[in-house]
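K.L.:
Shown below is the structure under consideration.
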Amino acid sequence: MQISILRSETNSPQSYTVEDKEMTLLSALTHIKATEDASLTFTAGCRASVCGTCAVRVNGKEELACAYKVQDGDVVEPLQYHPVLRDLKVDKNKAKETLLKSTAWLHSFAEASLTHADEKFSERQTDCILCDSCYSACPVYAVNPDFLGPFALTRAYRYSTDKREGDVKTIIDNVQTNGVWDCTLCGECTLACPKGIDPKMDIMMLRGKSLEAGYEDPSFAQQSFGTPNFGFDPNAGF
Amino acid sequence: MIDVLIIGAGGAGLTAALSAKEAGASVLVVGKAYPTNSQTSMAQGGMNAALGNVGEDSIALHVQDTIKSARGLCDEKMVEQMCTAAPKAIQWLESLGVPFSRSDNEGVGTDTVAQRQMGGASAKRACYAQDYTGLKILHTLYDTCLKEKIDFLDEHYLLNLISQEGTVTGAIFLDIRTGEIKQIDAKSVIVATGGYGSLYHGYTTNAYGATGDGIAAVLRAGGSVSDMEFVQFHPTALKSSSILISESARGEGGYLVNSDGERFIDELKPRDVVARAIFAEFQNDKEVFLDVRHLGEEKLMELLPQELALCKLHENVDPAKDLIPIKPVAHYSMGGIEIEKSFEVQGLKGCFAVGECSNAKVHGANRLGGNSLLEITAFGKVTGKNATAYAQNVELKKHDKKQVNEDRLHIEALYANEHEINFYEKRETLGKLLYEKVGIVRDNQVLSQAMEEVKSMQAEQSKMGLNDKSISNNTNLIDYLEFSSALQLASIIISAALTRDESRGAHFKLGFEEQDDEKFKMHIVSQAHKEHSCK
Numbered sequence: 001m002q003i004s005i006l007r008s009e010t011n012s013p014q015s016y017t018v019e020d021k022e023m024t025l026l027s028a029l030t031h032i033k034a035t036e037d038a039s040l041t042f043t044a045g046c047r048a049s050v051c052g053t054c055a056v057r058v059n060g061k062e063e064l065a066c067a068y069k070v071q072d073g074d075v076v077e078p079l080q081y082h083p084v085l086r087d088l089k090v091d092k093n094k095a096k097e098t099l100l101k102s103t104a105w106l107h108s109f110a111e112a113s114l115t116h117a118d119e120k121f122s123e124r125q126t127d128c129i130l131c132d133s134c135y136s137a138c139p140v141y142a143v144n145p146d147f148l149g150p151f152a153l154t155r156a157y158r159y160s161t162d163k164r165e166g167d168v169k170t171i172i173d174n175v176q177t178n179g180v181w182d183c184t185l186c187g188e189c190t191l192a193c194p195k196g197i198d199p200k201m202d203i204m205m206l207r208g209k210s211l212e213a214g215y216e217d218p219s220f221a222q223q224s225f226g227t228p229n230f231g232f233d234p235n236a237g238f
Numbered sequence: 239m240i241d242v243l244i245i246g247a248g249g250a251g252l253t254a255a256l257s258a259k260e261a262g263a264s265v266l267v268v269g270k271a272y273p274t275n276s277q278t279s280m281a282q283g284g285m286n287a288a289l290g291n292v293g294e295d296s297i298a299l300h301v302q303d304t305i306k307s308a309r310g311l312c313d314e315k316m317v318e319q320m321c322t323a324a325p326k327a328i329q330w331l332e333s334l335g336v337p338f339s340r341s342d343n344e345g346v347g348t349d350t351v352a353q354r355q356m357g358g359a360s361a362k363r364a365c366y367a368q369d370y371t372g373l374k375i376l377h378t379l380y381d382t383c384l385k386e387k388i389d390f391l392d393e394h395y396l397l398n399l400i401s402q403e404g405t406v407t408g409a410i411f412l413d414i415r416t417g418e419i420k421q422i423d424a425k426s427v428i429v430a431t432g433g434y435g436s437l438y439h440g441y442t443t444n445a446y447g448a449t450g451d452g453i454a455a456v457l458r459a460g461g462s463v464s465d466m467e468f469v470q471f472h473p474t475a476l477k478s479s480s481i482l483i484s485e486s487a488r489g490e491g492g493y494l495v496n497s498d499g500e501r502f503i504d505e506l507k508p509r510d511v512v513a514r515a516i517f518a519e520f521q522n523d524k525e526v527f528l529d530v531r532h533l534g535e536e537k538l539m540e541l542l543p544q545e546l547a548l549c550k551l552h553e554n555v556d557p558a559k560d561l562i563p564i565k566p567v568a569h570y571s572m573g574g575i576e577i578e579k580s581f582e583v584q585g586l587k588g589c590f591a592v593g594e595c596s597n598a599k600v601h602g603a604n605r606l607g608g609n610s611l612l613e614i615t616a617f618g619k620v621t622g623k624n625a626t627a628y629a630q631n632v633e634l635k636k637h638d639k640k641q642v643n644e645d646r647l648h649i650e651a652l653y654a655n656e657h658e659i660n661f662y663e664k665r666e667t668l669g670k671l672l673y674e675k676v677g678i679v680r681d682n683q684v685l686s687q688a689m690e691e692v693k694s695m696q697a698e699q700s701k702m703g704l705n706d707k708s709i710s711n712n713t714n715l716i717d718y719l720e721f722s723s724a725l726q727l728a729s730i731i732i733s734a735a736l737t738r739d740e741s742r743g744a745h746f747k748l749g750f751e752e753q754d755d756e757k758f759k760m761h762i763v764s765q766a767h768k769e770h771s772c773k
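From first to last, the protein sequence lines are chains P and D.
So in this note's numbering, spot 62 of the first sequence is number 62, and the numbers just go up one at a time.
So in this note's numbering, spot 202 of the second sequence is number 440, and the numbers just go up one at a time.
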């Protein structure tokens, strides 16, 4: 089988021959590095889809290298919207900053009586391995590099629904700027997630919580609905 | 100057960081990847705490089970300390927001945390979050570290500790991105770098990076290691990929069967016993399978969703319909850095060690499932406090540039090494060699052969150069340094295994099949370039 990998030094794809048998992309990459080209650079850890280290793009779609079975003709590239450090290895620091900005943590602990149903309610969201696949798939980054993005918003939502959270309002406050309203609801993040998480739905749920908290969709607010202009802007000066 | 420098950003490192920060220290956590890449994410089954939420349980029983499984090689005081701290550790994780699985019992707080059966436990004691317990604990700890504004330095590889006259005053790192070699001075240092299961490359459930870097660095700085011969083999890894299938699969009622469809062992015995029983089946040319079909798809999806996906992906079997082919592989290092009760590394002042890299003498000859997540959180907390207390009383040492200069020269020399032998081939060789010759069942003659082979690999190391000469983002260099750690530790493991002429827990030796308390109820302690001592 032939696969092609985007090399950063030349900014062009390089073709490699891999054995014609069923194997994961990570096995193929490891084999190439060990036997053929030690300069081929990628990152990996657990081999078991849980450490979030090895996400790349294959034929334009985000995949965990350890969970993707190589096909003849595959085109392998680094994640999008992350500075490429070398070949498939990217800098994830800026993406991780979205967690900090969205304050995706438990703000104020209050003891609660949790049930099996409560566990199930946010089970999927807490399966997140921070592989950055959704960040790479999100088209909003093409226009707004400061967007909080899918994984941070999913995590903010997860804490906002936790019955132990005594300060949901602060979480909601912190996902307004470059946050829930900047999402186009295109669903690319949901398609990209290797753990079956649906950030788009989580963002919609956060929008609902935002409305309940008194926020409104800024694009909606900016629209003119033909109301007469009395020369008074209710938002000015406040 | 930083008060507490923490090397390693898994569960032990993050817990220590939070605890040190709470105690008033300035903290920096340095890791070779990103915190959530850590191997803690791979812990599946659960975390033990005698909450008694599901049935009768007590701290005394937890202590008793742990001591029994340790086969006389644990420090009972340390076991008591850990088991007593367990309910509080769960309470703490609950307060951070860990999404534990829950029982519907109308209780509040940790009373609702679900608990499951694990091997060697006399009660349903393991608190869990489906089969993602480690992942969910690690990520919640990470979220909390962000909340508490803990400083992180990612993608920095530990080269050496800075040790001046037996006192550690910082560490030297290779910035993987830039290739720069950096000195970080600190009043105290915590090593939380994980275990050495990946020495068994290709025959381990562990992540690639579990090469014992921190343990090797402590040895080079003059510290000691102990119980290194005790490597736990997990009974159920997938046959073709060595990927872990959690013990909870058996805890929830899964069977082990051989090619004839016969059960041959009580599946809930401790891991060493089960692994040996499987090995015996292999010796009789039988294959071994995990059978969870009778649990039904719905229950499997509920309790073991991760396992289901991994079996389908890596073994092409559907556990709801098919038998799962398995083999035991290296999973956990009981041995590690020799520490005092304060978690200070023996012989290295100002340097502490916690988690799998350390030997806190709680697992002895065989760790119980569910006790490692407990160890990293319960002891991570104590270590963070102790390192802070030490830092508060430390006299500032003069910045010494000797180590950083040595390390720069060493790395330069590596780039200049001849590339006659491909170390990646040797990494494969070492993994296979350790699995076959320093594995589940050992033999002195075979161990001696293994030692010869490792020694000759060590002698050839100067011919193993780098193929990739890039300064920045050189993962070929990191792979090489990790292999060097592995090679350094391999001979220590074999040497200790040779010395221990008995069978105990995970160490089983032909010709010496009995436990010999008179001669060997002791820890084999090793230092770099020195003969063993026993204590």
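For every residue, glycine included, the Cβ atom is placed at its ideal position computed from N, Cα and C.
Out of Lys-270(D), Tyr-272(D), Ile-240(D) and Asn-275(D), which has the shortest C-alpha to C-alpha gap to Ala-258(D)?
P.N.:
Translated into the one-based positions of the second sequence, residue 258(D) becomes position 20. Of the listed residues, the one whose Cα sits closest to Ala-258(D) is Ile-240(D).
K.L.:
With burial defined as no fewer than 16 other Cβ atoms inside 10 Å of the residue's Cβ, what is the status of Asp-20(P): buried or exposed?
P.N.:
In the first sequence, counting from the first residue as 1, residue 20(P) sits at position 20. With fewer than 16 Cβ atoms within 10 Å of its Cβ, Asp-20(P) is classed as exposed.
K.L.:
Hey, out of Val-469(D), Ala-547(D), Ile-709(D) and Met-280(D), whose CA is closest to Leu-412(D)'s CA?
P.N.:
Translated into positions along the second sequence, residue 412(D) becomes position 174. Cα-wise, what sits closest to Leu-412(D) is Ile-709(D).
K.L.:
Quick one: which unbroken alpha helix (DSSP H) runs of 4-plus residues sit fully inside the region 539-624 of chain D? Chain order, please.
P.N.:
Entirely contained in the region 539-624 of chain D, the alpha helix (DSSP H) runs reaching 4 residues are, in chain order, 543-553.
K.L.:
Going by alpha carbons, who is nearest to Pro-543(D) out of Lys-306(D), Ser-339(D), Ala-261(D) and Thr-278(D)?
P.N.:
For the purposes of this step, residue 543(D) is taken as residue 305 along the second sequence, with counting starting at 1. The option with the nearest alpha carbon to Pro-543(D) is Ser-339(D).
K.L.:
When you compare each of Ala-324(D), Pro-325(D), Cys-312(D) and Ile-410(D) to Lys-639(D) by their alpha carbons, which one comes out closest?
P.N.:
Position 401 of the second sequence holds residue 639(D). For the residues Ala-324(D), Pro-325(D), Cys-312(D) and Ile-410(D), the minimum Cα distance to Lys-639(D) belongs to Ile-410(D).
K.L.:
Can you confirm whether Lys-385(D), when its beta carbon is compared against all beta carbons of chain P, has any partner nearer than 7 Å?
P.N.:
On the second sequence, residue 385(D) is found 147 positions in, with the first residue counted as 1. Yes - at least one Cβ of chain P is within 7 Å of the one on Lys-385(D).
K.L.:
Go ahead and pull the three-state DSSP assignment for Ile-659(D).
P.N.:
Translated into positions along the second sequence, residue 659(D) becomes position 421. It is coil, neither helix nor strand.
K.L.:
Could you tell me which of Cys-183(P), Asp-91(P), Gly-208(P) and Arg-47(P) sits nearest to Val-143(P), measuring between CA atoms?
P.N.:
Taking the first sequence and counting its residues from 1, one reaches residue 143(P) at position 143. Checked all of Cys-183(P), Asp-91(P), Gly-208(P) and Arg-47(P); the closest Cα to Val-143(P) is Cys-183(P).
K.L.:
In angstroms with no decimal places, state the Cα-to-Cα distance between Glu-344(D) and Asp-389(D).
P.N.:
Walking along the second sequence from the start, residue 344(D) turns up at place 106. Walking along the second sequence from the start, residue 389(D) turns up at place 151. Cα to Cα, Glu-344(D) sits roughly 40 Å from Asp-389(D).
K.L.:
Which residue wins for smallest C-alpha separation from Pro-780(D), given the options Glu-545(D), Val-567(D) and Pro-566(D)?
P.N.:
Any answer about residue 780(D) is impossible in this case: the structure gives chain D only from 239 up to 773.
K.L.:
Would you please verify whether the beta carbon of Gly-60(P) is less than 7 Å from any beta carbon of chain D?
P.N.:
Mapped onto the first sequence, residue 60(P) falls at position 60. Chain D, which has no Cβ nearer than 7 Å to the Cβ of Gly-60(P), makes this no.
K.L.:
Between Phe-109(P) and chain D, is the shortest Cβ-Cβ distance under 7 Å, so that the two count as touching?
P.N.:
Position 109 of the first sequence, counting from 1, holds the residue named residue 109(P). Yes - at least one Cβ of chain D is within 7 Å of the one on Phe-109(P).
K.L.:
Taking the alpha-carbon positions, what's the Asp-198(P) to Glu-36(P) distance?
P.N.:
Here residue 198(P) is taken as the residue at index 198 of the first sequence, counted from 1. Here residue 36(P) is taken as the residue at index 36 of the first sequence, counted from 1. Near 39 Å, if we compare the C-alpha coordinates of Glu-36(P) and Asp-198(P).
K.L.:
Do the region 670-683 of chain D and the region 511-524 of chain D meet, that is, are 3 or more Cβ pairs less than 8 Å apart?
P.N.:
With a cut-off of 8 Å, the region 511-524 of chain D and the region 670-683 of chain D count as touching, because enough Cβ pairs lie within range.
K.L.:
If we count Cβ pairs, one from each stretch, closer than 8 Å, do we get three or more for the region 567-581 of chain D versus the region 282-298 of chain D?
P.N.:
No, because fewer than three Cβ pairs between the region 567-581 of chain D and the region 282-298 of chain D fall closer than 8 Å, the two stretches do not touch.
K.L.:
Can you tell me which residues form a DSSP beta bridge with Glu-77(P)?
P.N.:
Translated into positions along the first sequence, residue 77(P) becomes position 77. Per DSSP, Arg-57(P).
K.L.:
For Leu-299(D), which of Gly-310(D), Val-317(D) and Glu-403(D) has the nearest alpha-carbon?
P.N.:
Taking the second sequence and counting its residues from 1, one reaches residue 299(D) at position 61. The shortest Cα separation from Leu-299(D) among Gly-310(D), Val-317(D) and Glu-403(D) belongs to Val-317(D).
K.L.:
Can a CB atom of chain D be found closer than 7 Å to the CB of Val-50(P)?
P.N.:
Locating residue 50(P) in the first sequence gives position 50, counting from the first residue. Cβ-Cβ to chain D under 7 Å: yes for Val-50(P).
K.L.:
Can you round the beta-carbon distance between Ile-562(D) and Phe-527(D) to whole angstroms, since I take them to be within the 8 Å contact cut?
P.N.:
On the second sequence, position 324 is the one that residue 562(D) refers to. On the second sequence, position 289 is the one that residue 527(D) refers to. 6 Å between Cβ atoms; contact.
K.L.:
Leu-476(D) bridges to which residues according to DSSP?
P.N.:
By 1-based counting over the second sequence, the position of residue 476(D) is 238. Paired residue(s): Ile-564(D).
K.L.:
DSSP three-state label for Gly-45(P), please.
P.N.:
In the first sequence, residue 45(P) corresponds to position 45, counting from 1. In the structure shown, Gly-45(P) sits in coil (DSSP, three-state: anything other than H, G, I, E or B).
K.L.:
Are the CB atoms of Ala-152(P) and Ala-192(P) nearer to each other than 7 Å?
P.N.:
As a working note, residue 152(P) is residue 152 in the first sequence. As a working note, residue 192(P) is residue 192 in the first sequence. No, the pair does not count as a contact, with Cβ atoms beyond the cut-off.
K.L.:
Would His-31(P) count as contacting chain D if we go by Cβ distances under 7 Å?
P.N.:
What you label residue 31(P) is simply residue 31 of the first sequence in a count that begins at 1. Answer no: the Cβ-Cβ gap between His-31(P) and chain D never drops below 7 Å.
K.L.:
Which two residues bound the contiguous beta strand (DSSP E) that contains Ala-424(D)?
P.N.:
Walking along the second sequence from the start, residue 424(D) turns up at place 186. 419-429 is the extent of the beta strand (DSSP E) around Ala-424(D).
K.L.:
Pro-83(P): buried (16+ other C-beta within 10 angstroms of its C-beta) or exposed?
P.N.:
The count along the first sequence starts at 1 and reaches residue 83(P) at position 83. Result: exposed.
K.L.:
For Tyr-16(P) and Asp-706(D), I'd like the C-alpha separation in whole angstroms.
P.N.:
Sequence index remark: in the first sequence, residue 16(P) carries index 16 (1-based). Sequence index remark: in the second sequence, residue 706(D) carries index 468 (1-based). Tyr-16(P) and Asp-706(D): Cα-Cα distance of roughly 17 Å.
K.L.:
Using a Cβ distance threshold of 8 Å, determine whether the region 622-638 of chain D contacts the region 376-394 of chain D, with at least three qualifying pairs required.
P.N.:
Judged by Cβ distances under 8 Å, the region 622-638 of chain D makes no contact with the region 376-394 of chain D, as fewer than three pairs qualify.
K.L.:
Could you pull the start and end residues of the alpha helix (DSSP H) that Tyr-718(D) belongs to?
P.N.:
As a working mapping, residue 718(D) is identified with position 480 in the second sequence. It spans 713-737 - the alpha helix (DSSP H) in which Tyr-718(D) sits, taken as one unbroken run.
K.L.:
Keeping to the same chain, check which residues put their C-beta closer than 6 Å to that of Glu-535(D); ignore five residues upstream and five downstream.
P.N.:
What you label residue 535(D) is simply residue 297 of the second sequence in a count that begins at 1. Only Ala-558 meet the Cβ criterion.
K.L.:
Would you please verify whether the beta carbon of Lys-195(P) is less than 7 Å from any beta carbon of chain D?
P.N.:
Mapped onto the first sequence, residue 195(P) falls at position 195. Cβ-Cβ to chain D under 7 Å: no for Lys-195(P).
K.L.:
Using a Cβ-Cβ cut-off of less than 9 Å, give me the residues of the region 473-487 of chain D that come near chain P, in sequence order.
P.N.:
Cβ contacts with chain P come from Ser-479, Ser-480, Ile-481 and Leu-482.
K.L.:
What span of residues does the beta strand (DSSP E) with Gln-687(D) cover, start to end?
P.N.:
Translated into the one-based positions of the second sequence, residue 687(D) becomes position 449. That residue, Gln-687(D), is in no beta strand (DSSP E); its alpha helix (DSSP H) goes 682-697.
K.L.:
From Gly-743(D) to Lys-599(D), what does the alpha carbon distance come to, in whole angstroms?
P.N.:
Against the second sequence, residue 743(D) aligns to sequence position 505. Against the second sequence, residue 599(D) aligns to sequence position 361. Answer to the nearest angstrom: the Cα atoms are 14 Å apart.
K.L.:
Buried or exposed: Ala-697(D), going by 16 or more other Cβ atoms within 10 Å of its Cβ?
P.N.:
Along the second sequence, read from residue 1 onward, the residue named residue 697(D) stands at position 459. Burial call: exposed.
K.L.:
Rounded C-beta distance between His-770(D) and Ala-734(D)? I'm assuming under 8 Å.
P.N.:
By 1-based counting over the second sequence, the position of residue 770(D) is 532. By 1-based counting over the second sequence, the position of residue 734(D) is 496. That belief holds up - the Cβ atoms of His-770(D) and Ala-734(D) are roughly 7 Å apart, short of 8 Å.
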